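To start, the structure itself, in structure tokens.
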Amino acid sequence: MAIFRKNAAEAKQARTQEQNQNLMKLIKRVHSVVEHEDIQKHRHSQDYFGALLGNSRDMDITSAEVRGMHCEWVRVRRPHGKRRVILYCHGGGYSTGSCLYARTLTTRLAAAASMDVFCFDYRLAPEHPYPAAPEDAMKAWDYLMLQGYGALDVVVAGDSAGGNLALNLTLSLKEQGRILPGALVLLSPWTDLTASGKSQESRAQVDPVLDAEYLRKMTENYARGADCRDPHVSPLFADLSGFPPTFIQVGDNEVLLSDSTRLQKTLLRAGVPVRLEVFEGMWHVFQMSPFRTAAEAMDRCAEFILGLRDQPAVS
56 MAIFRKNAAE AKQARTQEQN QNLMKLIKRV HSVVEHEDIQ KHRHSQDYFG ALLGNSRDMD
116 ITSAEVRGMH CEWVRVRRPH GKRRVILYCH GGGYSTGSCL YARTLTTRLA AAASMDVFCF
176 DYRLAPEHPY PAAPEDAMKA WDYLMLQGYG ALDVVVAGDS AGGNLALNLT LSLKEQGRIL
236 PGALVLLSPW TDLTASGKSQ ESRAQVDPVL DAEYLRKMTE NYARGADCRD PHVSPLFADL
296 SGFPPTFIQV GDNEVLLSDS TRLQKTLLRA GVPVRLEVFE GMWHVFQMSP FRTAAEAMDR
356 CAEFILGLRD QPAVS
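Listed below in structure tokens is the structure:
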């Protein structure tokens, strides 16, 4: 009987690995369709997929303008809490991405957490390199403060470069002596633009989304003339003491795995409550994909966020 159970478990594990391999092949094909040498075409392709996969009848999406910057509110069409809000920083290597592309994540996050999500179109590189995006993130933050939210009422979330931006915003608020957000939710955050993590090599052959050349190009676009070890460019090297509770998700097949595992260690050394979830067989920002593991991961994000509601919010 014990041998039977062992064989059954091994067979199940083999099926799971095969399914993950097939999914990664599919993701690689889809990514090759979206990615384009012409950066404008790349951006348009992403927006097309965002409009296609992020469309939901259960959502109200309302445009807003903040000091010349396009933004949007994503709200569920059902009674829900409005005291707290999620400020979402989209990914895209700081060179692509938009509110529209991010709807594959913002609509799911709004639905799972039953909270309003505010996303913003920060200026993109190479037309607008560092520090344009952090400046725009601060504009979005100040807008929410003017809307009457207390700092601790805001959860700052982001994927990939958006995770970098979420950390950057929090670091800037700390340096300015302002109240920090209530929590951070980071999906496959890009925290080290020096590309010094071990997974840059160990996962190079299995990552279906990112590669060294793409990351080099995105770094060159964004950090032009800046020191990549600057904590505002690579938050991994920042003093993160005093940061709010942080929740990190990452796939174990992505070259940026080390960006998350090292961030967790840095936060722990700084005394920050942090939880890291590494998803076996998954890739960069897998939460965008329309399958069960992605939905379950988003539900875990919502559980983390909703767990904060029992804590008193202070303005």
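Counting the sequence shown from 1 gives a position; our numbering is that position plus 55.
Backbone N, C-alpha and C define an ideal beta-carbon position, used for all residues, glycine too.
Small disclaimer: the values here were computed from a predicted structure and weren't measured.
The shortest CA-to-CA distance from Glu309 to any of Leu291, Leu318, Leu322 and Val340 is the one to Val340. In this structure, His287 and Asn223 form a Cβ contact; the two beta carbons are roughly 6 angstroms apart against a cut-off of 8 angstroms.
For the beta strand (DSSP E) assignment, the uninterrupted runs of no fewer than 3 residues enclosed by the region 139-198 are, from N- to C-terminal side, 140-144 and 171-175.
Between Leu295 and Val327 the beta-carbon gap is near 6 angstroms, inside 8 angstroms, which marks them as a contact.
In this chain, the alpha helix (DSSP H) harbouring His97 covers Ile94 to Leu108. Around Pro189, the same chain offers Asn223 as residues with beta carbons nearer than 6 angstroms, after the five sequence neighbours per side are excluded. Within the same chain, Val121, Arg122 and Met124 come within 7 angstroms of Lys194 by CB-CB distance, once the 5 residues on both sides are set aside. According to DSSP, Glu332 shares a beta bridge with Gln304. For Leu242, the enclosing beta strand (DSSP E) starts and ends at Ala238 to Leu242. Under the 8 angstroms Cβ criterion, the region 197-205 does not count as touching the region 277-285, having fewer than three qualifying pairs. Partner residues in the beta bridge of Trp128, as assigned by DSSP, are Thr117 and Phe173. By a beta-carbon distance limit of 8 angstroms, Leu239 contacts Thr225. Their separation comes to about 7 angstroms. Pairing Ala168 with Phe298, the inter-Cα distance amounts to about 22 angstroms.
The C-beta distance from Leu220 to Leu228 rounds to 13 angstroms, too long to meet the 8 angstroms contact threshold. Boundaries around Asp214 are those of the beta strand (DSSP E), Val209 to Asp214, since no alpha helix (DSSP H) includes it.
By the C-beta density criterion, Ser118 is exposed, having fewer than 16 other C-beta atoms within 10 angstroms. Taking the C-beta atoms as reference points, Val305 is found nearer than 8 angstroms to Ser315. Asp171 and Val131 have their C-alpha atoms some 7 angstroms from each other. A direct Cα-to-Cα measurement between Gln342 and Ala357 gives close to 13 angstroms. Around the beta-carbon of Ala192, 16 or more other beta-carbon atoms lie within 10 Å, marking it buried. Shown here, Gln202 sits in coil according to DSSP, grouped into three states, outside any helix or strand.
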